[in-house]
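A.B. asks:
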Amino acid sequence: MGLPHRGKLNGDDTILAFGFSRRVCVSQHLAETTLWLAFASVLTCFIISKEKDANGQEIDISENYSDGPTFSYPLPFKCSITPRFSSVESTIVE
Numbered sequence: 021m022g023l024p025h026r027g028k029l030n031g032d033d034t035i036l037a038f039g040f041s042r043r044v045c046v047s048q049h050l051a052e053t054t055l056w057l058a059f060a061s062v063l064t065c066f067i068i069s070k071e072k073d074a075n076g077q078e079i080d081i082s083e084n085y086s087d088g089p090t091f092s093y094p095l096p097f098k099c100s101i102t103p104r105f106s107s108v109e110s111t112i113v114e
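Okay, so the sequence shown: first residue is 21 according to our numbering, each after it adds one.
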């Protein structure tokens, strides 16, 4: 789904990566659900925020993207990822 204009969803949830029509990926729903659960788990367990400089000011994230022939993705940027709970930190350390 996208935000074409005026900040409203356009309702088009077609993702070309899964194909379409008779050639659609049979595991599309499994993949989408697995990704949703993974992202929800990360957001539940961690606070993800902008990195801070030596003065405590947030470092802006660059909005530059790669210009590859098939996929576009954001260029590397710094961020801060901290556990929300001490149990999360102890689980990761183990």
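Note that beta-carbon positions come from the ideal geometry of N, C-alpha and C, so glycine has one too.
Out of curiosity, what's the CA-to-CA distance linking Glu83 and Lys70?
C.D. replies: Your numbering for residue 83 matches position 63 in the sequence shown. Your numbering for residue 70 matches position 50 in the sequence shown. Whole-angstrom Cα-Cα distance: 13 Å.
A.B. asks: When DSSP labels each residue in this structure, what does Phe97 get in the three-state scheme?
C.D. replies: Indexing the sequence shown from 1 puts residue 97 at position 77. If DSSP states are grouped into helix, strand and coil, Phe97 belongs with coil.
A.B. asks: Hey, quick one: how far does the beta strand (DSSP E) through Ile112 stretch, first residue to last?
C.D. replies: Position 92 of the sequence shown, counting from 1, holds the residue named residue 112. Here Ile112 belongs to no beta strand (DSSP E); instead the alpha helix (DSSP H) covers 106 to 113.
A.B. asks: Identify every residue that forms a DSSP beta bridge with Phe66.
C.D. replies: Taking the sequence shown and counting its residues from 1, one reaches residue 66 at position 46. Paired residue(s): Pro103.
A.B. asks: Helix or strand or just coil, what does DSSP make of Thr52?
C.D. replies: In the sequence shown, the residue the question calls residue 52 occupies position 32. Inspection of the sequence shows that residue 52 is occupied by Glu rather than by Thr. Correct three-state label for Glu52: helix.
A.B. asks: Please state whether the Cβ-Cβ distance between Ile79 and Asp73 is less than 8 Å.
C.D. replies: What you label residue 79 is simply residue 59 of the sequence shown in a count that begins at 1. What you label residue 73 is simply residue 53 of the sequence shown in a count that begins at 1. Yes, these two residues count as a Cβ contact at 8 Å.
A.B. asks: If I measure Cβ to Cβ from Gly39 and keep anything under 7 Å in the same chain, skipping five residues before and after, which residues do I get?
C.D. replies: Here the question's residue 39 lines up with position 19 in the sequence shown. Taken in chain order, the residues that qualify are Cys45.
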